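See below for the structure under consideration.
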Ligand SMILES: [Zn+2]
């Protein structure tokens, strides 16, 4: 949470001021901005929702946006390519995908 307070929160505030209040073309980007990167809650996969409930408990997260979901999907692809098959993993993976 300290990293958020010292780095991300000031960036988010600067972004909000420059992009959404002053409408500056060269505004600082904020990859966590829910206005610039909105999500359609109806399209969020159950797999992501399960991950997010767990992740919130261990990382004190605030919210997610379409970039978070995109990165989660990329991690699933990497996981499937690189983690060797084993029955225990398949059982856990199956529970997440149910
Ligand atoms: Zn924004």
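Numbering (our numbering), first residue to last: 171 to 268. Cβ atoms here follow ideal geometry from the backbone N, Cα and C, with glycine treated the same way. These numbers were taken from a predicted model, which means no experiment stands behind them.
* Pull up the distance between the alpha-carbon of residue 228 and that of residue 221, whole angstroms please. => In the chain shown, counting from the first residue as 1, residue 228 sits at position 58. In the chain shown, counting from the first residue as 1, residue 221 sits at position 51. Their Cα atoms are separated by approximately 11 angstroms.
* Taking only the alpha-carbon atoms, compute the straight-line gap between residue 176 and residue 202 and give it to the nearest angstrom. => Here residue 176 is taken as the residue at index 6 of the chain shown, counted from 1. Here residue 202 is taken as the residue at index 32 of the chain shown, counted from 1. Residue 176 and residue 202: Cα-Cα distance of roughly 15 angstroms.
* Does the distance from the CB of residue 198 to the CB of residue 188 come in under 8 angstroms? -> Within the chain shown, the letter at position 28 stands for residue 198. Within the chain shown, the letter at position 18 stands for residue 188. The answer is yes: Cβ separation under 8 angstroms.
* Could you tell me whether any non-hydrogen atom of ligand 1 is closer than 7 angstroms to the CB of residue 228? => Numbered from 1 along the chain shown, position 58 holds the residue referred to as residue 228. Incorrect: residue 228 has no Cβ contact closer than 7 angstroms to ligand 1.
* **Backbone CA spacing between residue 195 and residue 217 [nearest angstrom]** => Against the chain shown, residue 195 aligns to sequence position 25. Against the chain shown, residue 217 aligns to sequence position 47. The straight-line gap from Cα to Cα measures roughly 36 angstroms.
* Which residue from 234, 179 and 252 puts its Cα closest to that of residue 208? -> Numbered from 1 along the chain shown, position 38 holds the residue referred to as residue 208. Of 234, 179 and 252, the residue nearest in Cα terms is 234.
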